[in-house]
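Read in order, the letters of the sequence shown correspond to residues 76 to 217 in the numbering used here.
All C-beta atoms, glycine included, are put in the ideal place defined by N, C-alpha and C.
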Amino acid sequence: MPRKDFERPDGLVSVQICTESGKRPSELCALDPRGSTIRSELFVKGTEPSEDSICDIHVIKDVCIESNKLASEYCPPASIQSKVFIQRPESLDPNNAMPADYIYEAPTSICDIHKTFMPNEGDDYEIDNDAGESDSSGSDDY
C-alpha cells in the first residue's frame, strides 16, 4: 500500500504544546534537561489550550552545584548555577510513589554546605555589633 499523507479534516487546528503540562509552551520547555518537550498536536478548533494557558511545570532555580540543593545566600557565586527543572503542583500518588522522572524535579531543600558568610580576601565589610554601631574591617583585620 503506498504511503499517503494524513488529510486534515476541516475544523482541526495544529497548536504547539508542552508534553509535560499539556499547555502552551514557555521558553523553559525547550530547555528541559531531557530535551525539548514542545510538540505540535491537533485539536478540534475551540478545544486547544488558550493563548494564556502557559506551561507552569517547567521552572528555573538557582542551585548550589556542591550540594545539588537550592542555593542559599551563603553559597559563593562560583557555586551557583541556574537550572531548569519540572515542578509538579502536588504529589501524583497518595502513597508517595516516586514518578520515573523524579530526578528532574526541582530540589526543595536549601544548601546545607554553605552556612555562613566568608568574606573574600581583600574585600571590605562591616560588622554590626549588639549596640547598633558598625565596625569597618578589611582583609588585614581578620
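Apart from the 5 residues on each side of it in sequence, E126 sits with its Cβ closer than 8 Å to the Cβ of R99 in its chain, given in chain order. The segment 145-165 and the segment 176-191 touch, with no fewer than 3 CB-CB distances between them shorter than 8 Å. Counting along the chain, S184 sits inside no beta strand (DSSP E), nor does DSSP assign it H or E at all.
The segment 115-123 makes contact with the segment 85-99: 3 or more CB pairs, one atom from each, lie closer than 8 Å. The beta carbon of P108 is closer than 7 Å to those of V159 and Y179 in its chain, skipping five residues each way along the sequence. Under DSSP, C93 forms a beta bridge with I113.
I178 carries a helical assignment under DSSP once its states are collapsed to helix, strand and coil. By the criterion of a C-beta distance shorter than 6 Å, C150 is surrounded in its chain by C139, C186 and H189, once the five residues flanking it on both sides are discounted. Listed in chain order, the non-local C-beta contacts of L103 below 8 Å within the same chain comprise C130, H133, V134, I135 and V159, local neighbours out to five positions each way being set aside. Straight-line measurement puts the Cα of E82 at about 38 Å from the Cα of P164.
With fewer than 16 neighbouring CB atoms inside 10 Å of its own CB, P152 falls in the exposed class.
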